[in-house]
Amino acid sequence: MLLEIDNLKVEFATGQGPLHAVRGVTFELHEGEVLGVVGESGSGKSVTAHSILRLLPGNGAITGGDIRFRGSSVLAYPPRALRSYRGPKVSIIFQEPGRSFDPIYTIGKALEETLRAHNPEMPEAEVQARSIRLLKETHVPYAEQRLHNYPHQFSGGLLQRIMIALALASDPDVLIADEPTTALDVTIQAQIIDLLLELKSRRNLAIVFITHNLALISEIADRILVMYGGLVMEYGAAREVLDRPRHPYTRALLASILSLGEHYSEQALQTVRGGTPDPRRPEPGCPFAPRCPLATAQCREAVPPLLEDGTQHRCIVPGEKPEGLYARD
Ligand SMILES: Nc1ncnc2c1ncn2[C@@H]1O[C@H](COP(=O)(O)OP(=O)(O)OP(=O)(O)O)[C@@H](O)[C@H]1O
Ligand SMILES: [Mg+2]
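According to the numbering used here, the sequence shown holds residues 54 to 382 in order.
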């Protein structure tokens, strides 16, 4: 097993008390597999990703659970082990491009810094050759010339490719891509998905692909993790989750895409009525219960366990897919 996330809990200290960003998330990532993580804004996707790399800000802490890489607990790594884990084992494309680039450095300088961070003795010529190879691998045209350009001189799609190149510079086993295509138009999004799929097979790269957009996930994921309110709502093989969604939240996400037809977008999720839960005051039951037309007294009282029936899902309410129930009206 490459990566195991076991009942992860993360809190932030805030002026208004503790904020429960991740409340018990469990999943696995296998060699060379793409795990799609989907959920509305605030569901804890980025916090989970940053926790895997132990990159939480000062007010954040992992308060429960474990993260294991090839069987060893990442939470127990001393600083040295952490340095050879972040990057060479697990690399991330941050949701905010500003965390990948410094506007005052050329792309060549950014690549050089990343390459040298892991190999301080790397000769100049090799840095140059590897940088060009990384840009070519991510299909950045005129790689040699473009090393001398600054981030602002690239289009959004090209910048995204360069962010992928930077994340690959440490030759990772796992790439976490946090909403890598959100700001891009649909055609460019599709090209980035193709690139990630190409890298997956060429490098046997395992990918955690985080997005708001369930439609995009269907094109790339082998397995899908649906998050809501800092919890896993549903987890299983992509085809299972997409063809036979068990949790009403997943069904609602799918219905919101279908109701928009070809024109799905980041707005799709907002067509699920109601607002997301307040992470400062988590309710005792299923976090989706206040928005769920199928909610029972039982699922409002306590968070239902992850049920293991094909896919793992939290919904205790049996029944067939209620057609049209969640469609936009
Ligand atoms: N540094 C922080 N301090 C306090 N709260 C935080 C901090 N970072 C994140 N949070 C909170 O943790 C919760 C989960 O945030 P997270 O960024 O993981 O959501 P997300 O699923 O990635 O959303 P999005 O789709 O908008 O990126 C949110 O309520 C967010 O406000
Ligand atoms: Mg996020």
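Even for Gly, the Cβ is constructed at its ideal location relative to N, Cα and C.
Since we're looking at a predicted model, the values are computed, not measured.
For R276, the enclosing beta strand (DSSP E) begins and ends at 276-281. Taking the Cα of A290 as reference, the smallest distance to any Cα among G113, L88, R152 is reached at L88. With a cutoff of 8 Å on beta-carbon distance, L55 and S104 are scored as not near each other. The continuous beta strand (DSSP E) containing Q365 extends over residues 364-366. Shortest Cα-Cα distance from T191 to any of V143, Q198, L212, N172 involves L212.
Runs of the beta strand (DSSP E) lying entirely within the region 211-265 and spanning at least 3 residues, in chain order: 227-231, 259-264. In the three-state reduction of the DSSP assignment, L61 falls in the strand class, which pools E and B.
With respect to the 8 Å criterion, A259 and D296 are not classified as neighbours on the basis of their beta carbons. S184: not part of any beta strand (DSSP E); member of the alpha helix (DSSP H) spanning 177-190, first to last residue. Distances taken from the Cβ of K98 to the heavy atoms of ligand 1 include one shorter than 7 Å. Taking C-beta atoms as the reference points, G85 and K253 count as a pair closer than 8 Å. Collapsing the DSSP output to three states places T101 in a helix. Beta-bridge annotation (DSSP): T67 is paired with G70. Residue range 113-122 is occupied by the beta strand (DSSP E) that includes R121. Per DSSP, G161 lies in no beta strand (DSSP E) segment; the continuous alpha helix (DSSP H) that holds it begins and ends at 160-171. In this structure, F262 lies near A230, with their beta-carbon atoms less than 8 Å apart.
Scanning its chain for C-beta atoms nearer than 7 Å, with the 5 sequence neighbours on each side dropped, one finds around G92 the residues K98, V279, M280, Y281, in chain order. In this structure the region 121-135 does not lie against the region 181-189, because fewer than three pairs of beta carbons, one per stretch, are closer than 8 Å.
8 Å or more divides the Cβ of L249 from the Cβ of I270. In terms of side-chain proximity, the C-beta atom of E361 is found no nearer than 7 Å to any non-hydrogen atom of ligand 1.
Distances taken from the Cβ of E149 to the heavy atoms of ligand 2 include none shorter than 7 Å. Of P358, R136, N112, the smallest CA-CA separation from L106 is found for R136. In chain order, L168, R169 place their CB closer than 7 Å to the CB of M175, counting only its own chain and leaving out the 5 sequence neighbours on each side.
Close CB contacts of R353 within its chain, under the 7 Å cut and outside five residues either way in sequence, are with G338, A342 (chain order).
In this structure, the C-beta of L108 stays at least 7 Å away from each heavy atom of ligand 1. Annotation for A236: G209 place their beta carbon closer than 7 Å to its own, counting only its chain and skipping 5 residues before and after.
In the three-state reduction of the DSSP assignment, E287 falls in the strand class, which pools E and B. By the neighbour-count criterion, in which a residue is buried when 16 or more other Cβ atoms sit within 10 angstroms of its Cβ, S309 is buried. Where I145 is concerned, the enclosing beta strand (DSSP E) starts and stops at 143-146.
If you draw a 10 Å sphere on the C-beta of Q365, you find 16 or more other C-beta atoms in it, and that means buried.
The Cβ-Cβ distance between V63 and L108 does not fall below 8 Å. In the DSSP assignment, no residue is bridged to V127.
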